[in-house]
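The opening residue of the sequence shown carries number 125 in my numbering; numbering runs sequentially from there. From the three backbone atoms N, C-alpha and C, an ideal C-beta is built for every residue, glycine too. Treat the numbers as computed from the prediction; the structure is a model and nothing was measured. Below is one structure, written out as structure tokens; the observations come after it.
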Amino acid sequence: MKILRNTPEFKPFEVTVAEEVIDSYLHDLDGSGYYVLVAELDSAVAGFICYGPTPLCQGTWDVYWEVVDREQQGHGIGGALMEAAATEMGKAGARLAFIETSSTPAYDKARRFHTAHGYEVVAHLPDFYQPGDDKLILQKRFKGKQTGKQGD
Ligand SMILES: CC(C)(COP(=O)(O)OP(=O)(O)OC[C@H]1O[C@@H](n2cnc3c(N)ncnc32)[C@H](O)[C@@H]1OP(=O)(O)O)[C@@H](O)C(=O)NCCC(=O)NCCS
């Protein structure tokens, strides 16, 4: 939570939602519909990624949150989390993974980061979050996966 609160890209209400999602996962590790992977550096939490199967879909997953401690960014931790989540989603039969993000300049770095990890913008919803703040939907296709089972 300290890392989330210390991340300027996230607004306070977004931090509240992230906390609810983490709590939901911790209270029901197998049934919440969320999975969380944590990166540790010298036994301290350096970041986490939260993802899960999209309800009512086959082989479709969402990446909900990813954050790395501001002091630790740019050293490959985010990339390692992203790749670890992709491996886990792939093992569970993922065909597609989606990330929703904002079009504002604050998220430019995150967008470049996602593109570097195989995601491309497939939809652009103007003024979605607020006037002038569009929603971008990024998609990653898992190679060779046309069908799959979810939630393993
Ligand atoms: C997006 C985010 C998770 C990336 O985490 P990170 O640990 O900085 O990611 P990485 O270090 O793997 O990669 C980031 C950059 O560092 C570079 N990098 C990777 N390994 C590196 C290394 N060993 N040394 C220096 N730079 C490195 C990457 O090439 C990448 O460059 P880019 O800016 O051109 O894409 C992090 O910036 C973050 O928490 N941002 C705020 C929250 C956010 O926007 N989350 C995403 C939306 S939910």
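Query, Result
"By C-beta, the residues closer than 7 Å to any heavy atom of ligand 1, given in chain order", "Thr131, Glu133, Phe134, Gly171, Trp189, Glu190, Val191, Val192, Gln196, Gln197, Gly198, His199, Gly200, Ile201, Gly202, Gly203, Ala204, Thr225, Tyr231, Lys233, Ala234, Arg236, Phe237 and Ala240"
"Best match in Lys267, Lys264, Pro229 and Thr239 for proximity to Asp258 [C-alpha to C-alpha]", "Pro229"
"Sequence-distant residues of its chain with Cβ nearer than 8 Å to Phe134 (five each side left out)", "Leu128, Ala142 and Val191"
"Distance between Tyr253 and Val210 (C-alpha atoms, nearest Å)", "Val is not the amino acid found at residue 210; the sequence shown has Ala there. Rounded to the nearest angstrom, the two C-alpha atoms are 27 Å apart."
"7 Å Cβ cutoff met for Leu161 and Leu205", "yes"
"Distance between beta carbons of Ile201 and Leu262, contact taken as under 8 Å", "At roughly 20 Å, the Cβ-Cβ gap does not stay under 8 Å, so Leu262 and Ile201 are not in contact."
"Assigned secondary structure, Ser156 (DSSP; H/G/I helix, E/B strand, else coil)", "coil"
"Ala247 - containing beta strand (DSSP E), residue span", "Glu244 to Gln254"
"Gly176, DSSP secondary structure in three states", "strand"
"Range covered by the beta strand (DSSP E) that runs through Thr225", "Leu220 to Ser226"
"Arg265, enclosing beta strand (DSSP E) - first and last residue", "Asp257 to Arg265"
"Distance between His248 and His238 (C-alpha atoms, nearest Å)", "16 Å"
"Burial state of Ser277 (16 or more Cβ within 10 Å)", "The structure shown does not extend to residue 277, since the chain spans only 125 to 276, so no value can be given for it."
"Counterpart residues of Val141 in DSSP-defined beta bridges", "BP columns for Val141 are empty, so no partner."
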